[in-house]
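Chains as they are written, first to last, in my numbering: chain A, 2 to 248; chain B, -19 to 272. Note that the Cβ used here is the ideal one computed from N, Cα and C, for glycine as well. Take a look at the structure set out below.
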Ligand SMILES: Nc1ncnc2c1ncn2[C@@H]1O[C@H](COP(=O)(O)OP(=O)(O)OP(=O)(O)O)[C@@H](O)[C@H]1O
Ligand SMILES: [Mg+2]
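In structure tokens, the structure reads:
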């Protein structure tokens, strides 16, 4: 049984069907790249896994049970621009907000909470910057703060929405290494990305999405241009397909 | 007037309204300073303004019916805050347009209602610009109790407010009820305004909410420090403002606000790391040390 199972999920937004009959299962230890053009429904799929959009049909199971926001071990890393980086808050306090759902109204962060926060900050290699205000961090450091915030829940499933946008190549490589390690430690990692080359190189699995799952296989089995043409709606002469030939 | 004379006046039984005014001004500023931190950090100053104006028809109704001003203002303010929160869920309209529609309308309603009361020009002036005389004892108690409850609510909800202000999407994902937290924050802002509106006045109360918090933001990069500094600045501004107003016979609301604005200006010029003058004097190439 996979830790995360999406079964026949259909989602409508504003009267249009955005996702149709999605089936996707992610196992512990896997780093799955969710790839598709703009507007394909990648963010919507992540949000429906989290229960943030209502699904018209189908269901999402975590550990074989329907997802529940406060109970299910799912960590989320939204796009970086959703975060108020000018807020006067230190890295460790920002990471602690990842546990707000567990804390509830009446409990203040306790020893166990601070330990979880400390561990996840160490895990992303930000230990020395734990007390730095978030506004004084670089783009790559900010992305690591968001990952640490998701890890503070000690999740078994990690969802990342375009973690590489606006980052240079060395930083992308560093983060990819981190995500791969997090998967190997026994988590299921699902990440959307527009970096096809990077995804083909490092992901253990790739799901091509355009309103529905077009293909879902390890990168080595995805060298045929046909599913890529279908997912991205491009012709055989597209530069996109040249990448595949080189791989 | 010397400080000693001011103290003598404060303890003079014939001037019993003066210590009451001082108490209520300091309480208001402290409460507004704390709540104002959220207002400043979320960029909600406009909603503070809206609520301040929206409180007006409630005050007017209470005045005409001879009821409690605090209760009347609170009902009207909370009603408007909730309406704004509900209408703002419709993404076709930005929050600021929604607020623009509601607050001018409710202010207009207030003016129409109060014009029905005999001799309304004097009381209108009092509502708009504040006054230190004629604060009934009950209002003092109401303000004190409400203030304590409000600070308690802030203590309880702080972690959740911070989470929502940082990142609404994540707040939803970890299971926080973002809509209700928004409403709770709007209600806290409204209550803070209502207990302050009598001394400071309807138009100037926004300054109590925004100015100390904005000055505190300039002085620190740590939220905890900011939330202590803002009420400290607000409270001392109220004391100094009332003293100056009493000594030189100036309107109290205006004087307090000007004192606070001066503090803000000084913070802007001389803040340890980011102040205009401080930055200018530092030798180029040397970065400010990281705070926090
Ligand atoms: N709130 C909404 N109401 C109506 N339609 C929406 C809403 N949010 C998204 N959509 C539509 O759903 C589709 C999928 O959007 P989504 O954001 O999931 O795409 P995406 O794959 O994440 O794209 P990108 O690569 O640009 O981030 C788009 O066509 C978009 O127009
Ligand atoms: Mg997206």
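* By DSSP, does residue 60/A sit in helix, in strand, or in coil? -> strand
* Less than 7 angstroms between the CB of residue 43/A and some heavy atom of ligand 2, yes or no? -> yes
* With residue 43/A and residue 53/A assumed to form a contact (beta carbons below 8 angstroms), what rounded beta-carbon distance in angstroms separates them? -> With 8 angstroms as the limit, residue 43/A and residue 53/A do not qualify as a contact, their Cβ atoms being about 14 angstroms apart.
* Who are the near neighbours of residue 231/A in its chain, counting only those whose CB is closer than 6 angstroms to its CB and skipping five residues on each side? -> 215
* **Cβ pair residue 18/B, residue 111/B closer than 8 angstroms** => no
* Reduced DSSP category for residue 10/A - H, G, I as helix; E, B as strand; rest coil -> strand
* From 25/B, -1/B and -4/B, pick the residue whose C-alpha is nearest to that of residue 184/B; which is it? -> 25/B
* Excluding the five sequence neighbours on either side, which residues of its own chain have a C-beta within less than 7 angstroms of the C-beta of residue 0/B, listed in chain order? -> 115 and 120
* Asked: Which term fits residue 190/B, buried or exposed, when burial requires 16 or more other beta carbons within 10 angstroms of its beta carbon?
  -> buried
* Let me know if residue 234/A comes out buried or exposed under the rule of 16 or more other beta-carbons within 10 Å of its beta-carbon. => exposed
* Return the CA-CA distance between residue 261/A and residue 119/A, expressed in angstroms with no decimal places. => Nothing can be reported for residue 261/A: it is not among the residues displayed for chain A, which extend from 2 to 248.
* Could you tell me whether any Cβ in chain B is nearer than 8 angstroms to the Cβ of residue 5/A? => no
* **As assigned by DSSP and simplified to three states, the class of residue 211/A** => strand
* To do: Please find out if some non-hydrogen atom of ligand 1 comes closer than 7 angstroms to the beta-carbon of residue 14/A.
  => yes
* Asked: How would you write the range of the alpha helix (DSSP H) that residue 131/A sits in, first residue to last?
  -> Per DSSP, residue 131/A belongs to no alpha helix (DSSP H) and is neither H nor E.
* Asked: Which residues, taken in chain order from the segment 5 to 37 of chain B, show a beta carbon closer than 7 angstroms to some beta carbon of chain A?
  -> 21
* Using a Cβ-Cβ cut-off of 8 angstroms, state whether residue 42/A counts as contacting chain B. => no
* Asked: How about residue 19/A: is its Cβ closer than 7 angstroms to a heavy atom in ligand 1?
  -> yes
* Is residue 37/A near ligand 1, in the sense that its beta carbon is under 7 angstroms from a heavy atom of that ligand? -> yes
* Asked: Can a CB atom of chain B be found closer than 8 angstroms to the CB of residue 62/A?
  -> no
* Asked: If you measure from the CB of residue 40/A, is any heavy atom of ligand 1 nearer than 7 angstroms?
  -> yes
* DSSP three-state call for residue 76/A: helix, strand or coil? -> strand
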